[in-house]
């Protein structure tokens, strides 16, 4: 009997020790997922500034690689759309996409044609439309053939440097805000604060997984897919730099990391979701289609649709199985904009 | 009883032929079940979508299959007829006979447009107005349909902003008020929002298709999307907001009377917080002394005192959304399947269905 008692005490003890609390999960997410990624974004954005100073020509490999690195760092945090990224439109100033109305090409061309002096003042530059700033604008400026032929290369050099400086400024603000302010709000919830409990903080993190997967499915894949009758390969994210599939991979990888941290308590679900992420990544890899140009051919299109469907199925499992476990009630009527 | 509408959705002409050929005509059992008092769209347990008539006793008296998820409906002011709209960005609207639940015809949004889920009849019911998105131009518009000619599309006009959502008519007039939510979307990207940094929601008023007045929120509130409306007998407009950032917000329910500034209704910050930035439906009470706003995300209904401009009481109901004012209080639906008569003193009469009720309930 005594042995049995001891056994139960042992079992209870070990159960407590292996089940992390909401607070512990949030701490892990903040310290191991969120903060290092925003720190990395600020660091590589600074390198982009140096690269643009060294060689600002659109053909510069150093510049192109530095942009890729900084852009990658953004894609890896692009699901974390709450708190510091949402203040002062910072997230949009780094990444205004999708740009369905073509605002970026129009306003970039206008700056170049008019030789707008706004590029000489970082403060003035930070006030122009978000469509003309950030990674997507810079990528457009460097890779778009029409823009490459437009205007003076001296002016475009100034513009590249202004864009890099502005990206660095915004990334640093976001990272500083996370490190000095917002991390604490997630880690120290309480009545009257932004989050009343660590469960609320956890739900915020959970929402970023669902929203991130939805964005990757609907925008990163959905936009080039368009419809069967009217595929839109030139609407793919980063198609000019052959980065479309690469971005999907980075986004999935980052969301995979976050999902694993939120499923520590549920090994079965963790395993299944891990396998689903792996499957989506393998399907993506097998496309061997860096800019999703295959959307226009029925056979390759089908394979891209399968990638999208695998992500949607994964997101459904997260919403329907992980959500309720974390106390997130996914209502029928709670969707945006209804 | 479920009506199969496959033929209907193949096209209006085929539908009319189909009705005659297959006897889709009303069955007497509809009448036996009692005429519906309310309409609401819903999802069935198998994941398909229906439009339902609900009786005064909160029983579902008919179900009509929909090709995709529905949103709101609007009743003809004099005839027992209603229009049920597809959820954004759907392209169909269904005209239904409200006595027996028989579908009469289907409207299809013209090329380059999709419905935004709401519509309203003109005073004399000559026209139906529908909020739509001219998505390639990123422009909000209002479709005009001629009722007498079997709902022919005859015109459209600019809605006065981007992303028009709810539309209502001021009493005893042909003045329309439109909630331009401000959010640009495109079917190519589903429900992804394209212009959050620059969105500018407003309330716009129109008479005979001519713009007459608009009122916008202050610049610092530009991410507060005005989406749903209720109009009282005086022509005052109550509106519900959905917030597009997760910053703190002080009110999600406002009131506007033509020619005046917008007034926001107050509530303690703890209670505002429970709304989770999202009002799903809004209505004046039948005596207009109260305004009820539902938050499905918060699972709560706020009831405000119209005169005092502040929260009077609240009721918790998970996934609550659809709401209609009744003499005794409100009739309410929830995504959980509940239909509830909520009286002013807080007493509830509930019915539970296996259907998940969609955002809006309307009285017919």
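Chains as they are written, first to last, in the numbering used here: chain A, 1 to 338; chain B, 339 to 702.
For each residue, glycine too, the CB sits at the ideal point set by N, CA and C.
For clarity, every value in this text was computed on a predicted model and none was experimentally measured.
Q | Per-residue contacts from residue 425/B into chain A (C-beta, under 8 Å) | A | As a position in the second chain, residue 425/B is number 87, starting the count at 1. Neighbours of residue 425/B on chain A, chain order: 338.
Q | Extent of the continuous beta strand (DSSP E) run through residue 477/B | A | Here residue 477/B is taken as the residue at index 139 of the second chain, counted from 1. Unbroken beta strand (DSSP E) run through residue 477/B: 477 to 484.
Q. Do we get a CB-CB distance below 7 Å when we pair residue 110/A with the residues of chain B?
A. Taking the first chain and counting its residues from 1, the one referred to as residue 110/A is at position 110. No, residue 110/A does not count as interfacial toward chain B.
Q. At a cut of 8 Å, does the region 35 to 49 of chain A reach the region 67 to 77 of chain A through at least three beta carbon pairs?
A. yes
Q) If we cut at 7 Å on Cβ distances, does residue 449/B have a partner in chain A? A) On the second chain, position 111 is the one that residue 449/B refers to. So, not an interface residue.
Q | Cutoff 7 Å; reference residue 85/A; Cβ partners in own chain excluding five residues on either side | A | Taking the first residue of the first chain as 1, we reach residue 85/A at position 85. Taken in chain order, the residues that qualify are 91 and 174.
**Q.** Cutoff 6 Å; reference residue 365/B; Cβ partners in own chain excluding five residues on either side
**A.** Mapped onto the second chain, residue 365/B falls at position 27. Annotation note: pLDDT 40 at residue 365/B (below 50); position unreliable, coordinate value reported separately. Cβ neighbours of residue 365/B beyond the five flanking positions: none.
Q) Which stretch, first to last residue, makes up the alpha helix (DSSP H) that contains residue 224/A? A) The sequence position of residue 224/A within the first chain is 224, counting from 1. First-last of the alpha helix (DSSP H) with residue 224/A: 222 to 225.
(Q) With a threshold of 7 Å between beta carbons, is residue 539/B in contact with chain A? (A) Within the second chain, residue 539/B is the residue found at index 201, counting from 1. No, no contact with chain A.
**Q.** Contact with chain B by residue 86/A, beta-carbon distance below 7 Å
**A.** By 1-based counting over the first chain, the position of residue 86/A is 86. Output row for residue 86/A: interface = yes.
Q) At a cut of 8 Å, does the region 310 to 326 of chain A reach the region 180 to 196 of chain A through at least three beta carbon pairs? A) no
Q: Would you list, in sequence order, the uninterrupted alpha helix (DSSP H) runs of no fewer than 4 residues that lie entirely inside the region 106 to 143 of chain A?
A: 122 to 125 and 134 to 143
Q: Give the DSSP-derived three-state secondary structure of residue 158/A in the structure shown.
A: Against the first chain, residue 158/A aligns to sequence position 158. If DSSP states are grouped into helix, strand and coil, residue 158/A belongs with the helices.
Q: Compare the C-beta of residue 496/B against all C-beta atoms of chain A and say whether one is closer than 7 Å.
A: Here residue 496/B refers to the residue found at position 158 when the second chain is read from its first residue. So no, residue 496/B is outside the interface.
**Q.** Stretch pair the region 261 to 275 of chain A + the region 239 to 252 of chain A: three plus CB contacts closer than 8 Å
**A.** no
Q | Extent of the continuous beta strand (DSSP E) run through residue 610/B | A | Locating residue 610/B in the second chain gives position 272, counting from the first residue. No beta strand (DSSP E) contains residue 610/B, which is instead part of the alpha helix (DSSP H) from 607 to 612.
Q.
Can you tell me which residues form a DSSP beta bridge with residue 452/B?
A. Along the second chain, one-based indexing puts residue 452/B at 114. According to DSSP, which records beta bridges pairwise, residue 452/B is partnered with 471/B.
Q. Candidates 60/A, 137/A, 310/A and 82/A: which alpha carbon is nearest residue 280/A's?
A. Here residue 280/A is taken as the residue at index 280 of the first chain, counted from 1. Checked all of 60/A, 137/A, 310/A and 82/A; the closest Cα to residue 280/A is 310/A.
**Q.** Supposed contact pair residue 292/A and residue 304/A - C-beta distance, whole angstroms, cut 8 Å
**A.** Start at 1 with the first residue of the first chain, and residue 304/A comes out as number 304. Start at 1 with the first residue of the first chain, and residue 292/A comes out as number 292. So it is a contact: roughly 6 Å between Cβ atoms.
Q.
Pop quiz: residue 519/B and residue 535/B are said to be a contact at Cβ under 8 Å. What is the actual Cβ separation, rounded to whole angstroms?
A. One-based indexing of the second chain puts residue 519/B at position 181. One-based indexing of the second chain puts residue 535/B at position 197. In fact, because the Cβ distance is near 15 Å, the residues do not count as touching under 8 Å.
(Q) For residue 399/B, would you say it is in contact with chain A, using Cβ-to-Cβ distances shorter than 7 Å as the test? (A) Taking the first residue of the second chain as 1, we reach residue 399/B at position 61. Not an interface residue.
Q) Given residue 476/B, which residues of its chain have a CB within under 7 Å of its CB, disregarding the five upstream and five downstream residues? A) Here the question's residue 476/B lines up with position 138 in the second chain. Only 500 and 522 meet the Cβ criterion.
Q: Give a yes or no on whether 7 Å exceeds the smallest Cβ distance from residue 219/A to chain B.
A: As a first step, residue 219/A is located in the first chain; it is residue number 219 there, counting from the start. Yes, residue 219/A counts as interfacial toward chain B.
**Q.** Within chain A, the residues that residue 694/B reaches when beta carbons sit closer than 7 Å
**A.** Reading the second chain from its first residue, position 356 is the one you call residue 694/B. Neighbours of residue 694/B on chain A, chain order: 332.
Q. Could you give the C-beta distance for residue 485/B and residue 467/B, rounded to a whole number, given that I count them as a contact under 8 Å?
A. Stepping through the second chain from its first residue, residue 485/B is reached at position 147. Stepping through the second chain from its first residue, residue 467/B is reached at position 129. Not confirmed; about 11 Å, so no contact.
Q. What is the C-beta distance between residue 669/B and residue 618/B, in whole angstroms, given that I count them as a contact (C-beta under 8 Å)?
A. Taking the second chain and counting its residues from 1, the one referred to as residue 669/B is at position 331. Taking the second chain and counting its residues from 1, the one referred to as residue 618/B is at position 280. Not a contact, Cβ separation roughly 15 Å.
Q: Indicate whether at least one CB of chain A lies closer than 7 Å to the CB of residue 527/B.
A: For the purposes of this step, residue 527/B is taken as residue 189 along the second chain, with counting starting at 1. So, interface residue.
Q.
Quick test of your reading: residue 52/A and residue 63/A, contact by CB under 8 Å. State the CB separation rounded to the nearest angstrom.
A. Taking the first chain and counting its residues from 1, one reaches residue 52/A at position 52. Taking the first chain and counting its residues from 1, one reaches residue 63/A at position 63. The Cβ separation is near 6 Å, so the contact holds.
**Q.** Distance between beta carbons of residue 630/B and residue 565/B, contact taken as under 8 Å
**A.** Sequence index remark: in the second chain, residue 565/B carries index 227 (1-based). Sequence index remark: in the second chain, residue 630/B carries index 292 (1-based). Residue 565/B to residue 630/B, Cβ: 16 Å. No contact.
Q) Three-state secondary structure (DSSP) at residue 403/B? A) Here residue 403/B refers to the residue found at position 65 when the second chain is read from its first residue. Correct three-state label for residue 403/B: strand.
Q: Check the Cβ of residue 409/B against every Cβ in chain A and list those closer than 8 Å, keeping chain order.
A: Within the second chain, residue 409/B is the residue found at index 71, counting from 1. Result: 338.
Q: On a CA-only basis, which of 132/A, 87/A, 88/A and 185/A is nearest residue 102/A? Give me that one, please.
A: Locating residue 102/A in the first chain gives position 102, where the first residue counts as 1. When each option's Cα is compared against that of residue 102/A, the closest is 132/A.
Q.
Given a cut-off of 7 Å on the beta-carbon distance, is the pair residue 97/A and residue 136/A in contact?
A. Along the first chain, read from residue 1 onward, the residue named residue 97/A stands at position 97. Along the first chain, read from residue 1 onward, the residue named residue 136/A stands at position 136. Going by C-beta atoms, residue 97/A is nearer than 7 Å to residue 136/A.
Q. With a CB to CB cut of under 8 Å and the five nearest residues on each side skipped, what residues in its chain are close to residue 645/B?
A. The residue given as residue 645/B occupies position 307 in the second chain. 627.
Q. Under 7 Å between the Cβ atoms of residue 389/B and residue 408/B?
A. Position 51 of the second chain holds residue 389/B. Position 70 of the second chain holds residue 408/B. Yes, Cβ-Cβ distance for residue 389/B and residue 408/B is below 7 Å.
Q: Leaving aside the five residues before and after residue 66/A along the sequence, list all residues of the same chain whose C-beta is less than 6 Å from its C-beta, in chain order.
A: By 1-based counting over the first chain, the position of residue 66/A is 66. Closer than 6 Å at Cβ, skipping near neighbours: 47, 48 and 51.
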